[in-house]
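If you're matching positions, the sequence shown starts at 1 in full-length UniProt numbering and goes up one per residue.
This report refers to the structure that appears directly beneath it.
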Amino acid sequence: MAWAGWPAAPWLWVTGCGLLLLALVLLLSPRSCRARRGLRGLLMTRSQRLLFRIGLVPGLGPRRFGKAGAPAEGTWRRARGARGLGQGLAEVPRCFSTLLDQQVQQPHLEVSGSQPRLSECGNSGVGAGALLLTGPGRYSLYTRTWLGYLFYRQQLRRARNRYPKGHSKTQPRLFNGVKVLPIPVLSDNYSYLIIDTQARLAVAVDPSDPRAVQASIEKEGVTLVAILCTHKHWDHSGGNRDLSRRHRDCRVYGSPQDGIPYLTHPLCHQDVVSVGRLQIRALATPGHTQGHLVYLLDGEPYKGPSCLFSGDLLFLSGCGRTFEGTAETMLSSLDTVLGLGDDTLLWPGHEYAEENLGFAGVVEPENLARERKMQWVQRQRMERRSTCPSTLGEERSYNPFLRTHCLALQEALGPGPGPTGDDGCSRAQLLEELRRLKDMHKSK
1 MAWAGWPAAP
11 WLWVTGCGLL
21 LLALVLLLSP
31 RSCRARRGLR
41 GLLMTRSQRL
51 LFRIGLVPGL
61 GPRRFGKAGA
71 PAEGTWRRAR
81 GARGLGQGLA
91 EVPRCFSTLL
101 DQQVQQPHLE
111 VSGSQPRLSE
121 CGNSGVGAGA
131 LLLTGPGRYS
141 LYTRTWLGYL
151 FYRQQLRRAR
161 NRYPKGHSKT
171 QPRLFNGVKV
181 LPIPVLSDNY
191 SYLIIDTQAR
201 LAVAVDPSDP
211 RAVQASIEKE
221 GVTLVAILCT
231 HKHWDHSGGN
241 RDLSRRHRDC
251 RVYGSPQDGI
261 PYLTHPLCHQ
271 DVVSVGRLQI
281 RALATPGHTQ
291 GHLVYLLDGE
301 PYKGPSCLFS
311 GDLLFLSGCG
321 RTFEGTAETM
331 LSSLDTVLGL
341 GDDTLLWPGH
351 EYAEENLGFA
361 GVVEPENLAR
371 ERKMQWVQRQ
381 RMERRSTCPS
391 TLGEERSYNP
401 FLRTHCLALQ
411 EALGPGPGPT
421 GDDGCSRAQL
431 LEELRRLKDM
441 HKSK
């Protein structure tokens, strides 16, 4: 027997549930801090705080500034940026000067370069949020609402069950007093620990699985003092909360315009983070996201090769999708990387080597360097061994996304030069065509 006053028709139930879900999505998807006015703004803020306190959504707590000796309590609890959850970037003008005044004095960790300001970091010439054409709604939900975090948590649980020891077998690289340790996380991601072996200090890059990163920290017997995030996506930044809570003096670095979770120290192009003997330079490489950064570990202090931690900009024989930019933007970012030395070691954010080299064989079937690399990669993957690092010199020989200047590739795929004779537009169009073909190839 139906309750009195309740609709009996099934379509009314479905409509009601749908409207309720839509209301929740609108309520939990803030537009900007200026929009937090009136009843809607009050409810939106209150609901986010409640979700943060019960643990459903990380980093949405109130902005708290603690004592000078506790940076984890005296920093932004969430800085999601102009497109992120919580809209932390809009709060920077009111609290940024306080944050700078309350930085902990650590003799082993310094930042040099221009101090980040909204006028400098807020606009780097990126297109207005171009999204993947095949699923702009899904990407928006992943990056702008709490549903993205829930999806990331599901991915994390599945990967831990499927790969209890990681998806690949990795080997650390040892230099003179410096150690680079790849950590396989999720289904194909890589996090990294960069260790000053003399000072026993460590920097984590893109720690998406805090449990795996913490296990490596404890095994190495080092102190985590900094987290470097290349971009906001959960599979690269999902571990920031747990690690920053566990290591109270740990700083979280990244781009302020990308909405990095638990960001405490914004970086701009060419800023340098110093940890012991480690000198790590941030390079702005927008395209995959609007505020994407790559990190270059200078090899000069330890007399070894420099190391590039490329996030989702550059993979072995591939590059990331252009979610928040144009082909011209991505081309400029790839050219930034191309300006580095051939012996620079490439440490990418994903294990995509075999799939990417398969696509490279489609567009350049006669490339002998690609064929040799493919044979080596297949032997590695048969034993589930990691394929990183590569070198930029190798990538120039077979990575089609770094070879848009090659005449053979232009003749096979690209348009002719424009009427002005400038090859920049032609290379950008070729890059866009390569990306389209890559997506059709169903590789990652």
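Using N, Cα and C, we set each Cβ at its ideal position, and we do this for glycine too.
Please read all numbers here as calculations on a predicted model, not as lab measurements.
> For the beta strand (DSSP E) that contains PHE401, what are its first and last residues?
Replying inline: Unbroken run through PHE401: none, as it is neither H nor E.
> Which class does LYS179 belong to by DSSP, given the choice of helix, strand or coil?
Replying inline: strand
> Based on the DSSP output, what are the partners of PRO286 in its beta bridges?
Replying inline: Bridge partners of PRO286: none, in fact.
> Skipping 5 residues on each side, what residues in its chain have a beta carbon closer than 8 Å to that of ALA408?
Replying inline: GLU364
> Considering only C-alpha positions, which residue in the set SER317, PRO261 and CYS406 is nearest to ARG245?
Replying inline: PRO261
> So is ARG200 buried or exposed if we call it buried at 16+ other beta carbons inside 10 Å?
Replying inline: exposed
> Could you check where the alpha helix (DSSP H) with VAL225 kicks off and where it finishes?
Replying inline: Counting along the chain, VAL225 falls outside any alpha helix (DSSP H), though it belongs to the beta strand (DSSP E) covering 223-228.
> If we ignore side chains and look at the alpha-carbon of each, how far apart do ARG436 and SER397 end up?
Replying inline: 21 Å
> Between which two residues does the beta strand (DSSP E) carrying PRO348 extend?
Replying inline: 345-348
> So PHE402 packs on GLU395, CB below 8 Å; how close in whole Å?
Replying inline: The amino acid at residue 402 is misidentified as Phe; the sequence shows Leu. Indeed, because the Cβ distance is near 6 Å, the residues count as touching under 8 Å.
> Using DSSP with H/G/I as helix, E/B as strand and the rest coil, what is THR391?
Replying inline: strand
> Distance, Cα to Cα, TYR253 vs GLN375?
Replying inline: 38 Å
> What residue ranges within the region 154-212 form continuous beta strand (DSSP E) runs of no fewer than 3 residues, ordered along the chain?
Replying inline: 178-185, 189-196 and 201-205
> Can you tell me the Cα-Cα spacing of LEU388 and HIS350, whole angstroms?
Replying inline: Per the sequence shown, the amino acid found at residue 388 is Cys instead of Leu. Rounded to the nearest angstrom, the two C-alpha atoms are 9 Å apart.
>> Which same chain residues end up closer than 7 Å to LEU431 when comparing Cβ atoms and leaving out the 5 residues on each side of it in sequence?
In response: ALA327, MET330, LEU331, PHE401 and THR404
> Roughly how many angstroms lie between the CA atoms of ARG160 and LYS169, to the nearest whole one?
Replying inline: 15 Å
> When burial is assigned at 16 or more other CB atoms within 10 Å of the CB, is LYS373 buried or exposed?
Replying inline: buried
> Does the distance from the CB of VAL213 to the CB of ILE194 come in under 7 Å?
Replying inline: no
> Skipping 5 residues on each side, what residues in its chain have a beta carbon closer than 6 Å to that of LEU340?
Replying inline: LEU392
> Among the residues of its own chain, which have a CB less than 7 Å from the CB of PRO210, if the five just before and after it don't count?
Replying inline: GLY239, ASP242 and LEU243
> What did DSSP end up calling GLN214 once you bin it into helix, strand or coil?
Replying inline: helix
> What is the DSSP secondary structure of CYS17, reduced to helix, strand or coil?
Replying inline: helix
>> Relative to the C-alpha of PHE315, which candidate in ALA353, GLN171 and GLY304 has its C-alpha closest?
In response: ALA353
>> Which runs of the beta strand (DSSP E) at least 3 residues long sit entirely within the region 316-390? Give them in chain order.
In response: 345-348
> In three-state DSSP terms, what is GLN270?
Replying inline: coil
>> Can you tell me whether ARG427 is helix, strand or coil according to DSSP?
In response: helix
> With a CB to CB cut of under 7 Å and the five nearest residues on each side skipped, what residues in its chain are close to SER333?
Replying inline: THR285, PRO286, GLY287 and LEU313
> According to DSSP, is ARG295 helix, strand or coil?
Replying inline: For clarity, residue 295 is Tyr in the given sequence; the question names Arg instead. Residue state, collapsed to three classes: strand.
> Using DSSP with H/G/I as helix, E/B as strand and the rest coil, what is TYR253?
Replying inline: strand
>> Measuring only the C-alpha atoms, how far is ILE183 from GLU433?
In response: 33 Å
>> Taking the alpha carbon of VAL203 as the reference point, which residue from THR143, TRP146 and ARG251 has its own alpha carbon closest?
In response: ARG251
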